[in-house]
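Notes follow the structure.
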Amino acid sequence: MKAKLIHEEGEQTYALVFDTGDEAMAGMLAFAKQHGLAASHFTGIGAFSDVTLGYFDWERKDYRRIPLREQVEVLSLIGDITLDGREPKVHAHVVVGRSDGTAYGGHLLEAHVRPTLEVVLVESPKHLRRTLDAETGLALIDLNQ
Numbered sequence: 723m724k725a726k727l728i729h730e731e732g733e734q735t736y737a738l739v740f741d742t743g744d745e746a747m748a749g750m751l752a753f754a755k756q757h758g759l760a761a762s763h764f765t766g767i768g769a770f771s772d773v774t775l776g777y778f779d780w781e782r783k784d785y786r787r788i789p790l791r792e793q794v795e796v797l798s799l800i801g802d803i804t805l806d807g808r809e810p811k812v813h814a815h816v817v818v819g820r821s822d823g824t825a826y827g828g829h830l831l832e833a834h835v836r837p838t839l840e841v842v843l844v845e846s847p848k849h850l851r852r853t854l855d856a857e858t859g860l861a862l863i864d865l866n867q
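Take my numbering: the last position of the sequence shown gets the number 867, and nothing is skipped along the way.
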């Protein structure tokens, strides 16, 4: 993955370009750790050679994994980066398109890029923190912190 800071007045804006074979979520997390990100939002487009989506199963309080082991277009990638304790957490949702025009969407758990993924990421000067929610078992953004 290559990155470039393209704007830095108040908010910082980065362009991230992932290469074939890069794992998108691991790359985003590594970038967040390296740059101390704690209140970012991002969008992206590109393509994956394979992707694992997640659907939150309310009864199980866990994500049901939905693997797609085929080339797909990234029609929409959106998400945020916040702090979960002292560590950054990447939370991303994606809609991908298959070759027949059908679309699948959900929580992005894992994806391998092919040939590229272009992400624009904006970091706020303020930080957002997550707190474990007892009802869902998820770390949710806590605006009281």
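C-beta: ideal position from N, C-alpha, C; glycine also.
Item checked: Run of the alpha helix (DSSP H) containing Q756, from where it starts to where it stops -> 746-757
Item checked: Start and end residues, beta strand (DSSP E) containing G732 -> First-last for G732: undefined, no H or E at that position.
Note to self: Buried or exposed, going by whether 16 or more other CB atoms sit within 10 Å of the CB of Y777?
What the structure shows: exposed
Notebook entry, point to check: How many whole angstroms separate the CB atoms of F770 and V794, which I take to be in contact at a CB cut-off of 8 Å?
Noted result: 5 Å
Item checked: G823 in three-state terms, based on DSSP -> coil
Next item on the list: Would you kindly report the start and end of the unbroken beta strand (DSSP E) that includes P847?
Entry: Taken as a continuous stretch (DSSP letters only), P847 belongs to no beta strand (DSSP E), as it is neither H nor E.
Next item on the list: Per DSSP, which residues does D864 bridge with? Please list them.
Entry: R851
Notebook entry, point to check: What did DSSP end up calling R808 once you bin it into helix, strand or coil?
Noted result: coil
Next item on the list: Check whether the Cβ atoms of P837 and T765 sit closer than 8 Å, and answer yes or no.
Entry: No, these two residues do not count as a Cβ contact at 8 Å.
Check: What is the C-beta distance between V816 and G827, in whole angstroms, given that I count them as a contact (C-beta under 8 Å)?
Finding: 6 Å
Margin query: If you follow the beta strand (DSSP E) that G768 is in, where does it begin and where does it stop?
Written below: 761-779
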